[in-house]
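Number 64 in numbering that gives the first Met the number 0 belongs to position 65 of the sequence shown; there are no gaps in the numbering. Just so you know, even glycine gets a beta-carbon here, dropped at the ideal spot from N, CA and C. This structure is a prediction, so every number in the text was calculated from the model and none was measured. Scroll down for the structure; my scribbles are underneath it.
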Amino acid sequence: MTPSVRAATVEDRDAIAAVHLTAFDDEGPAIVDVLRALRDSEAVRAELVAEVDRGGGPEIVGHVLLSRGWVDAERALVEVDVLGPLGVHPSAQGRGVGAALVAAALDSARARGVPAVFLEGDPAYYARRGFVAARELGFDRPSNRIPWAAFQVAPLAAHEPWMTGRLVYPEAHWRADTVGLRGEVLAEVRERLGD
0 MTPSVRAATV EDRDAIAAVH LTAFDDEGPA IVDVLRALRD SEAVRAELVA EVDRGGGPEI
60 VGHVLLSRGW VDAERALVEV DVLGPLGVHP SAQGRGVGAA LVAAALDSAR ARGVPAVFLE
120 GDPAYYARRG FVAARELGFD RPSNRIPWAA FQVAPLAAHE PWMTGRLVYP EAHWRADTVG
180 LRGEVLAEVR ERLGD
């Protein structure tokens, strides 16, 4: 299964929602809600889908979104990208779909001259895709509910050493309460990551 990645269209939105509802189970509706809020707020910088052809024509099996965020550096406010959500249909997981989407998202950010792309995610997965612990480069997470190990950045060619500080998420993430984790899930992730 070799995925092809392309820009998402308005016509893809139902298929994108279906991917996230299937990939994230109970969290799926919140993911779909934040997607809608990000689109409505004009925070979206790039939205990509991965398709495969299983004999019946192209089928969307993955999706990733880049939204506008900022680093509150001492010298100036720096516009950056925030990667997420990233979702892959369970039938296509473990087949390179997520990796292809992340690579295409980073290419999109590079092409637009973005200095860095941030995310909350599994360091074991994202380290293989160009991300490093953001804290080690002087960045501060937007919420204490994001485990340090999960707060990651891919610094790109446009990044300069002075561009460090606290990451500020777009308002849509706060309204949807999708910044960091809460309760037992937060405790479990912190324990698993040794954070």
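Closest to Asp39 by CA distance: which of Glu170, Arg191, Val81 is it? When each option's Cα is compared against that of Asp39, the closest is Glu170.
Return the bridge partner residues of Asp139 from the DSSP annotation. According to DSSP, Asp139 shares a beta bridge with Arg165.
Look up Arg5 in the DSSP assignment and say whether it is helix, strand or coil. Correct three-state label for Arg5: strand.
Going along the chain, which residues of its own chain have a beta-carbon closer than 7 Å to the beta-carbon of Ala72, five neighbours each way excluded? Hits under 7 Å: Trp161, Met162, Thr163, Gly164.
Compute the distance between the beta-carbons of Val81 and Ser66, then report whether it is under 7 Å. Against a cut-off of 7 Å, the Cβ pair of Ser66 and Val81 comes out as a contact.
Express the C-alpha separation of Val79 and Ala17 in angstroms, rounding to a whole number. Distance between the alpha carbons of Ala17 and Val79 is about 28 Å.
Taking only the alpha-carbon atoms, compute the straight-line gap between Gly205 and Ile15 and give it to the nearest angstrom. There is simply no residue 205 to check, as the chain begins at 0 and stops at 194 in what is shown.
Here's a check: name, in chain order, each residue in its chain whose Cβ is nearer than 8 Å to the Cβ of Gly112, leaving out the five neighbours to either side. Taken in chain order, the residues that qualify are Ala157.
Measure from the alpha carbon of Ala75 to the alpha carbon of each residue in Val4, Ala6, Glu159, Leu118, then state which is nearest. Closest option to Ala75, Cα to Cα, is Glu159.
Residue of Val131, Asp139, Val51 minimising C-alpha distance to Val96: Comparing Cα positions, the closest option is Val51.
Report the three-state DSSP secondary structure of Arg67 (helix, strand or coil). In the three-state reduction of the DSSP assignment, Arg67 falls in the strand class.
For Gly137, collect the residues of the same chain with a Cβ closer than 7 Å to its Cβ; drop the 5 residues on either side in sequence, then sort them by chain order. Counting only Cβ-Cβ distances below 7 Å, and skipping sequence neighbours, we find Thr163.
Whole angstroms are fine: how far does the CA of Ala149 sit from the CA of Leu85? The straight-line gap from Cα to Cα measures roughly 14 Å.
Could you give the first and the last residue of the continuous beta strand (DSSP E) run that contains Val101? Per DSSP, Val101 belongs to no beta strand (DSSP E); it is in the alpha helix (DSSP H), 96 to 110.
Less than 8 Å between the CB atoms is what I'm expecting for Asp32 and Ala175, so what's the real figure, rounded? About 5 Å separates the beta carbons of Asp32 and Ala175, which is inside the 8 Å limit, making them a contact pair.
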